[in-house]
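Asks: Shown below is the structure under consideration.
2 protein chains.
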Amino acid sequence: MQFYSRRHLDFLLSEVFNIKQLSTYSLFEDHNTETYKMVLDACHDLSTNQLRPLLVEMDVKEPQFEDGRIKVHPKMKELMLAFGEGGWIGSPLLYEEGGQQMPYMIFNATMFVMGAANYSATAFPFLTAGAANLIRSFGTNAQKDYYLPKLYAGKWQGTMALTEPDAGSSLGDLTTAARPTEQGYYLIKGQKVFISCGDHDAVDNIVHLMLARIEGAPKGTKGISLFAVPRMRADGNGGLEFNDVTTGGIFHKMGYKGAPIAHLITGENDDCRGYLVGQAHRGLNCMFQMMNEARIAVGFNAASIASAAYYSALEYCRERPQGRKIGTKPADQSLIIEHADVKRLLLFQKSIVEGSLSLLMQCSLYADLTRVTTGEEKAKYEALLDLLTPIAKTYPSEMGCLSTSAAIQCLGGYGYTNEYLPQQFYREARIHPIHEGTSAIHGMDLLGRKIIKDQGKSLRLLMQEINITLEKAKSEQLLQPNAQQLEQYIEQISTLIMDLGGLGMQGEFEKMMADATLFLEAFSLIVLAWQWLKQAEVALHKADDFYRGKVKTCQYFFSYELPKIEGLLKTIQQKSAITIDMQNNYF
Amino acid sequence: MQFYSRRHLDFLLSEVFNIKQLSTYSLFEDHNTETYKMVLDACHDLSTNQLRPLLVEMDVKEPQFEDGRIKVHPKMKELMLAFGEGGWIGSPLLYEEGGQQMPYMIFNATMFVMGAANYSATAFPFLTAGAANLIRSFGTNAQKDYYLPKLYAGKWQGTMALTEPDAGSSLGDLTTAARPTEQGYYLIKGQKVFISCGDHDAVDNIVHLMLARIEGAPKGTKGISLFAVPRMRADGNGGLEFNDVTTGGIFHKMGYKGAPIAHLITGENDDCRGYLVGQAHRGLNCMFQMMNEARIAVGFNAASIASAAYYSALEYCRERPQGRKIGTKPADQSLIIEHADVKRLLLFQKSIVEGSLSLLMQCSLYADLTRVTTGEEKAKYEALLDLLTPIAKTYPSEMGCLSTSAAIQCLGGYGYTNEYLPQQFYREARIHPIHEGTSAIHGMDLLGRKIIKDQGKSLRLLMQEINITLEKAKSEQLLQPNAQQLEQYIEQISTLIMDLGGLGMQGEFEKMMADATLFLEAFSLIVLAWQWLKQAEVALHKADDFYRGKVKTCQYFFSYELPKIEGLLKTIQQKSAITIDMQNNYF
């Protein structure tokens, strides 16, 4: 069963974003169309032959907490090693670090494909990569030598250990304590919850990249430090000994059940050693590197699940006869894909899956360009990536919930049963608007930080990029009305930004920020419309069904999705303060 | 834990819809505020003490198919009898039929409360009531005497057996055959799928109200007849014998797992007897009575689940400290209900739950009035009920999915875990846009039938009703802008209806109907805005927190929900034919 479109991936990589341009930089000079093809082929094989067959099984036989440890699917050990051996954890690293200097465009494409095959299974290597990358960026040489080979090989699991029972969105309130010792390490004490892959039996050890507060540190986010806290530590004799990291339990959850989420207790016996990574009190700055990578990754994961659901729905709609298309004879039963409303549901999914992936590839390209450029050029790509991150995380996440829902709807009653996959994807998709920052957090990040940062410099850079696309579109008869429509909305949202900024200048921050989530939604529609125009420009004069579908989906987006901005702008523009004025007792 | 607001129910019954008016009719003359209170109190007790405690257990220990039969939760037998004894299955019936002549407004209110406590459990009596009501309306006296006492007492289960593996939305294609015999009964042969409560061990017998095609009947919907097909039939000696209705299996599904959905095989041994109910070939007409009742009921059920999710989220938001409200000191942690965006999520849910319930009560009032009026007056209420049914079914169903999703979001990561209820409600809510006609079917029903029926007579009647509310609102300073806004949208949608009707007149039916689902969504916003104005008018000059919350929620609806109509109208107005033109091969 198809779960992604290789054709579409190739279209984005080669035709829309011209990945060849990267080979002009020495970092990527060894790569070319052939090497990329090999990587994507290998990824396809792993995904099809090893990941997909476990999709349902990992959902049904979920991990269990037994005798103080979490047991996951028995095949995960084999998979972790396969991820490591295939370079699926560390391929973007430099050659001297054991990597393949792979562009993020390709690395992220493989993550997308594997996620579409089996999202739960990919959570393990993804978190490992994030933890390893933190050590790589901020750790000492000794830390790198000790941890990285095992992590990138898939022998050890890495985690991000941030959340505590009383500190989720508000990290500044975390209380896990780190007491310095004369030996140089710290003694860690506290509790962490919702730690993805925080404990399991498919690896020999687990290394938590953990946030904690050094005794005497300032309150709030500026007193947080980053530590490597392994479950088992080196015993000094080449072996491992228990590091007082206890698993308190497992959270059973609605979806992606194959990946365990742990409750961890550190330092119950005052013997949990943490090793400082980076500077003291700068932990959150370090963690932000990982979080930004993770946010783009969540976007890819959300697009993966939506892709898998879309293709399962598409397959069903192409095979299921039911009813008659309007205007046909009663004798001729129609396939449901012939009904206009079913096509609308499919176009909705296609526009979300392919639009999201296009934006995520755009971000990946910017990420690659930051690695090979310097000075102002590098600053430009960093600014663009930074500005687009909340959108690249949130749009696929929020719309992925609706897209998987549309997949269920395509199957009718069957879609609600466990006999078909869409219900699993629907359950899995729902995590994404929550983890790595809720949609509300990203709304505030976009409006309250990134848009207004440096007097709107990032925003101007983005508008320059969008204008290049608009100018090209305006020279095409078919796309001209779309370009004009988009220009008009950009004008409206620019005015809105000035208005909201005005509120901020007057000190009315609460009012300025009250509808930040809706602002993010509106702004996302503009960014996605840009991506759709970009795709349509490439497809417009090429003649096969794939390109025709591209252009039609662009038209769908402009006719059905983009107009949603009208209601959003109207609502935000009112600055009604209704939510602020609503009192607890009125509910 | 609260799962509905009695205060809000009382507000609708007494203050908005003045249920007292019903007592002026002889059918309801024995009822008054006191008798209603007793009924709602008893319902509250049953819901709180017997239904709610089983909510999670019925989800976790789902029904199993063993040895050819379905086994449900062991408490269901007791509950079925409790439903029967309490009059929760047949209270709207006449006294001489063993009922209590209860208004639908009250009967439906009790269904709402019980559904909010435990939707799965209420599916059993609800389907029984639907089946019994069909026999009551169309059956022979002998059929009534035989089946009804057992069904209304909760001793036997009733079902609606329509769907077949190849005939879901398209009932005209069903193939279950009915062969006449000299004994008067028919021999039934065929398969039915997705039969809710189609087999289980909590009752002594199951009576399927089944659609089948008498041999030689015309093709399509005009050749369908209705039969009572009991699992066990009378053996002629006062006992029961097997009627060749075999359970082929159970469909495991994403939500409301406590209610089993069966696959049934009839006549495997050519010994399944069906008893004609109503006239031959008129089965679908009979079934439509049940389906219309069922559609309103689905609306109530969807609102129930959204209500339960809303109150679980509200409780959490009132207790969970996290972050700081903008403008407060870092030292003072805020409850999350103080954050504007959390209040927005809660207002969203409140507006859906209470708006839906208001519309459903409006429909219930019309249903009650059709029972006590005659001639043109009766025709008016029938027309209004008929027109509003697709909206009363679909709006709560579609928005219930989003509302339960918002409940999850309020809880953040905890909302995704099985430790809290919102994830269960999210899974349960998703069935409603599918069963009893998908949203697309209702869109076509509204636009293609009900709006244009009798030269738009029903629509004119509805507009008269809405105008009464608008006129009152225009005399209130606070509501005047809302009333004007609504009037403007009504004008726009009226123009759109003329436009679409024009397409129909030109024979362009496919184009006219292509966006019928979106039309339903747009039209629903107008109807819901009407209901919110109605509630606000009553609450406006009354002074306590409940009424203040009502007015604020009305303002929320007009500022955040109603503007969504702008994008919808723009999309439909384009009549772009994009979905029609999209080809199978382009996907």
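From first to last, the protein sequence lines are chains A and B. Residues in the first sequence are numbered from 0 upward in steps of one, following numbering that gives the first Met the number 0. Residues in the second sequence are numbered from 0 upward in steps of one, following numbering that gives the first Met the number 0. The beta-carbon is built from N, C-alpha and C at its ideal position, and this holds for glycine as well.
Mind the definition here: the segment 305 to 318 of chain B touches the segment 396 to 411 of chain B only if three or more C-beta pairs lie below 8 angstroms; say whether that holds.
Replies: Yes, they touch.
Asks: State the DSSP-derived secondary structure class of residue 68 of chain A, mapped to helix, strand or coil.
Replies: The answer is strand: DSSP assigns residue 68 of chain A an E or B state.
Asks: Answer yes or no: do residue 188 of chain A and residue 265 of chain A have a C-beta to C-beta separation smaller than 8 angstroms?
Replies: Going by C-beta atoms, residue 188 of chain A is nearer than 8 angstroms to residue 265 of chain A.
Asks: Is the beta carbon of residue 399 of chain A less than 8 angstroms from the beta carbon of residue 302 of chain A?
Replies: Yes.
Asks: Mind checking the segment 403 to 425 of chain A against chain B and listing, in chain order, the residues whose C-beta falls within less than 8 angstroms of any C-beta there?
Replies: Correct list: 404, 407, 408, 411, 412, 414, 415, 416, 417, 418, 422, 425.
Asks: Report the neighbours of residue 558 of chain B on chain A: residues whose CB is nearer than 8 angstroms to its CB, in chain order.
Replies: Neighbours of residue 558 of chain B on chain A, chain order: 570, 573, 575, 577.
Asks: For the beta strand (DSSP E) that contains residue 265 of chain A, what are its first and last residues?
Replies: Residue 265 of chain A -> beta strand (DSSP E) spans 260 to 265.
Asks: Could you say which of B:510, B:239, B:178 lies nearest to residue 275 of chain B if we only look at CA atoms?
Replies: Ranking the options by Cα distance to residue 275 of chain B, first place goes to B:178.
Asks: Output yes or no for whether 8 angstroms exceeds the beta carbon distance between residue 255 of chain A and residue 119 of chain A.
Replies: Going by C-beta atoms, residue 255 of chain A is nearer than 8 angstroms to residue 119 of chain A.
Asks: What residues from chain A crowd round residue 270 of chain B, counting only those whose CB sits closer than 8 angstroms?
Replies: Ordered by position in chain A, no residue passes the 8 angstroms Cβ test against residue 270 of chain B, which lies about 29 angstroms from the chain.
Asks: Residue ranges of each alpha helix (DSSP H) run of no fewer than 4 residues wholly in the segment 394 to 470 of chain A, ordered along the chain?
Replies: Counting only runs of 4 or more, we get 421 to 428, 438 to 444.
Asks: Is residue 129 of chain A near the ligand SAH, with its Cβ less than 7 angstroms from a heavy atom?
Replies: Summarising the ligand content, the structure contains no ligands, and the ligand SAH is consequently not present.
Asks: Which residues of chain B have a Cβ atom closer than 7 angstroms to the Cβ of residue 219 of chain A, listed in chain order?
Replies: Per Cβ cutoff of 7 angstroms: 329.
Asks: Does the beta carbon of residue 584 of chain B sit closer than 8 angstroms to a beta carbon anywhere in chain A?
Replies: Taking Cβ atoms only, chain A reaches closer than 8 angstroms to residue 584 of chain B, which makes this a yes.
Asks: Between the segment 157 to 189 of chain A and chain B, which residues of the former have a C-beta closer than 9 angstroms to a C-beta of the latter?
Replies: Here the close residues are 162, 165, 166, 167, 168, 169, 171, 172.
Asks: Helix, strand or coil, according to DSSP, for residue 511 of chain B in the structure here?
Replies: Correct three-state label for residue 511 of chain B: helix.
Asks: With DSSP collapsed to three states, give me the class of residue 141 of chain A.
Replies: Three-state DSSP puts residue 141 of chain A in a helix.
Asks: Which value, in whole angstroms, describes the spacing of the CA atoms of residue 485 of chain A and residue 525 of chain A?
Replies: Their backbone Cα atoms lie some 7 angstroms apart in a straight line.
Asks: Under 8 angstroms, Cβ to Cβ, is there at least one residue of chain B near residue 212 of chain A?
Replies: Not an interface residue.
Asks: Does any residue of chain A bring its CB to less than 8 angstroms from the CB of residue 393 of chain B?
Replies: No, its Cβ sits nowhere closer than 8 angstroms to a Cβ of chain A.
Asks: In this structure, how does DSSP classify residue 389 of chain A when only helix, strand and coil are distinguished?
Replies: Three-state result, residue 389 of chain A: helix.
Asks: Out of B:273, B:100, B:156, point me to the one whose CA is closest to residue 180 of chain B's CA.
Replies: For residue 180 of chain B, the nearest C-alpha among the options comes from B:273.
Asks: To the nearest angstrom, how far is the alpha carbon of residue 455 of chain B from that of residue 168 of chain B?
Replies: Straight-line Cα distance between these residues: approximately 26 angstroms.
Asks: Under DSSP, the beta strand (DSSP E) around residue 185 of chain A begins and ends at which residues?
Replies: Its beta strand (DSSP E) spans residues 185 to 195.
Asks: Identify the residues that DSSP records as bridge partners of residue 226 of chain A: which are they?
Replies: A:209, A:275, per the DSSP bridge assignment.
Asks: Establish whether the CB of residue 536 of chain A and some CB of chain B are separated by less than 8 angstroms.
Replies: For residue 536 of chain A, the answer is no, since every Cβ of chain B falls outside 8 angstroms of its Cβ.
Asks: Hey, is residue 336 of chain B's beta-carbon within less than 8 angstroms of any beta-carbon in chain A?
Replies: True, the Cβ-Cβ gap to chain A drops below 8 angstroms.
Asks: What does residue 437 of chain B reach in chain A if we use C-beta pairs closer than 8 angstroms?
Replies: Within chain A, the residues near residue 437 of chain B are 408, 411.
Asks: With DSSP run on the structure shown, which of helix, strand or coil describes residue 252 of chain A?
Replies: Three-state result, residue 252 of chain A: strand.
Asks: Return the first residue and the last residue of the beta strand (DSSP E) that residue 179 of chain B is part of.
Replies: From DSSP, the beta strand (DSSP E) with residue 179 of chain B extends over 176 to 179.
Asks: Residue 193 of chain B touches chain A at which residues, Cβ-Cβ below 8 angstroms?
Replies: The answer, in chain order, is 412.
Asks: Count Cβ pairs between the segment 330 to 343 of chain B and the segment 314 to 322 of chain B that sit closer than 8 angstroms; are there 3 or more?
Replies: They touch, by the three-pair rule.
Asks: Under three-state DSSP, which class holds residue 158 of chain A?
Replies: Here residue 158 of chain A sits in strand by DSSP.
Asks: For a contact defined as C-beta to C-beta under 8 angstroms, what are the partners of residue 433 of chain A on chain B?
Replies: Here the neighbours are 407, 408, 411, 412, 414, 415.
Asks: Cβ closer than 9 angstroms: which chain B residues qualify as neighbours of residue 548 of chain A?
Replies: The answer, in chain order, is 581, 582, 584, 585, 586.
Asks: By how many angstroms is the C-alpha of residue 149 of chain A removed from the C-alpha of residue 343 of chain A?
Replies: If I take the Cα positions, the gap works out to 48 angstroms.
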